[in-house]
Amino acid sequence: DAGVTQSPTHLIKTRGQHVTLRCSPISGHKSVSWYQQVLGQGPQFIFQYYEKEERGRGNFPDRFSARQFPNYSSELNVNALLLGDSALYLCASIRQGFNTGELFFGEGSRLTVL
Amino acid sequence: AQKITQTQPGMFVQEKEAVTLDCTYDTSDQSYGLFWYKQPSSGEMIFLIYQGSYDEQNATEGRYSLNFQKARKSANLVISASQLGDSAMYFCAMREHGSSNTGKLIFGQGTTLQVKP
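These protein sequence lines are chains Y and P, in that order. So for the first sequence, my numbering puts the first residue at 1; every next one is plus one. So for the second sequence, my numbering puts the first residue at 1001; every next one is plus one.
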């Protein structure tokens, strides 16, 4: 079975531009979370979506938005990019219904803002 | 506020030896979950081991074990018989409220482990 897939893997944008990142969860997983990982730090929670509804939001500005589609894939959108948005963006799906509920992560989308 | 602290920015270990990576946490919740993830240079976060706050025994998964000391709020990862492929960044994380449906984890700063041949 395929794991969590993310696209694109690498991208370069300039300040003020907009970016869309995409994520497909593991088949059968209905919940997706997004994380931002700045170089040298641990991942920071941005959003969680379950059954197309937002179920949690981290401390990020309104420039960050996301949505989930009927097939449970998800998009993360960032408007008016800043240099500080340069980071690895990780998507994770959750194996719900199990005690541990561990998150399965993709390899991430590495965004560089110039 | 919930917080995860990893005080070792970098660690070295000789191949085939055991190593302990430290993690302390802070929470007011009675029910919570603790995770360890490995992140190689590729970027993917790989799940290693899980410990629930009500689990009485320390979790083990192959060469990985979690030394859970609830009173001290510590959840150290022990890797036995280190291998060269264990060289990576390791993150300790906590899930709020203990719900297995919660997709929000709080991560520490990470520890870089280098295994020497």
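Beta carbons: idealized from backbone N, C-alpha and C, even for Gly.
Using a Cβ-Cβ cutoff of less than 7 Å, which residues in the same chain neighbour residue i once the five nearest sequence positions on both sides are dropped?
i: Gln17(Y); result: Leu81
i: Gly108(Y); result: Gln6, Leu88, Tyr89 and Leu90
i: Thr1102(P); result: Arg1095 and Glu1096
i: Asp85(Y); result: Val78, Leu111 and Val113
i: Gln1006(P); result: Asp1022, Cys1023, Cys1092, Gly1108, Gln1109, Gly1110 and Thr1111
Starting from the C-beta of residue i, find all residues in its chain whose C-beta is less than 6 Å away, skip the five residues before and the five after it, and write them out in chain order.
i: Lys1038(P); result: Ile1046, Leu1048, Ala1088 and Tyr1090
i: Gln1008(P); result: Asp1022 and Thr1111
i: Ser73(Y); result: Ser24
i: Asp1026(P); result: Lys1003
i: Gly1010(P); result: Thr1112
i: Leu21(Y); result: Leu76, Tyr89 and Ser109
Does the Cβ of residue i have 16 or more other Cβ atoms within 10 Å, making it buried, or fewer, making it exposed?
i: Pro61(Y); result: exposed
i: Pro8(Y); result: exposed
i: Val38(Y); result: exposed
i: Ala1081(P); result: exposed
i: Asp1086(P); result: buried
i: Tyr1001(P); result: Reading off the sequence shown, one finds Ala at residue 1001(P), where the question assumed Tyr. Exposed.
i: Gln1057(P); result: exposed
On the DSSP bridge list, what partners appear for residue i?
i: Val1013(P); result: Val1115(P)
i: Tyr1025(P); result: Ile1004(P)
i: Leu39(Y); result: None; Leu39(Y) has no bridge partner.
i: Ala92(Y); result: Ser33(Y) and Phe105(Y)
i: Gly56(Y); result: Gln48(Y)
i: Ala87(Y); result: Leu111(Y)
i: Asn1067(P); result: Asn1076(P)
i: Gln1051(P); result: Leu1034(P)
i: Thr1060(P); result: Ser1065(P)
i: Leu11(Y); result: Leu111(Y)
i: Ala66(Y); result: Leu76(Y)
i: Thr1131(P); result: The structure shown does not extend to residue 1131(P), since chain P spans only 1001 to 1117, so no value can be given for it.
i: Ile26(Y); result: Answer is none; Ile26(Y) lacks a bridge partner.
For residue i and residue j, which I take to be in contact (beta-carbon distance under 8 Å), what is that distance rounded to the nearest angstrom?
i: Gln1114(P); j: Phe1012(P); result: 5 Å
i: Thr1024(P); j: Lys1073(P); result: 6 Å
i: Gly56(Y); j: Phe47(Y); result: 7 Å
i: Arg63(Y); j: Glu75(Y); result: That belief does not hold up - the Cβ atoms of Arg63(Y) and Glu75(Y) are roughly 14 Å apart, past 8 Å.
Within the same chain, show all residues whose beta-carbon is closer than 8 Å to that of residue i, passing over the 5 residues directly before and after it, in chain order.
i: Lys1070(P); result: Ser1053
i: Gly106(Y); result: Gly3, Val4, Thr5, Gln6, Cys23, Leu90, Cys91 and Ala92
i: Glu102(Y); result: Ile94 and Arg95
i: Ala1018(P); result: Val1078, Ile1079, Ser1080, Ala1081 and Ser1082
i: Gly58(Y); result: Gln44, Phe45, Ile46 and Phe47
i: Lys1104(P); result: Arg1095 and Glu1096
Shorter than 7 Å from the beta carbon of residue i to some beta carbon of chain A?
i: Lys1104(P); result: Among the protein chains of the structure shown, namely Y and P, there is no chain A.
Please determine if the segment 77-96 of chain Y and the segment 25-35 of chain Y are in contact, where contact requires at least 3 C-beta pairs separated by less than 8 Å. yes
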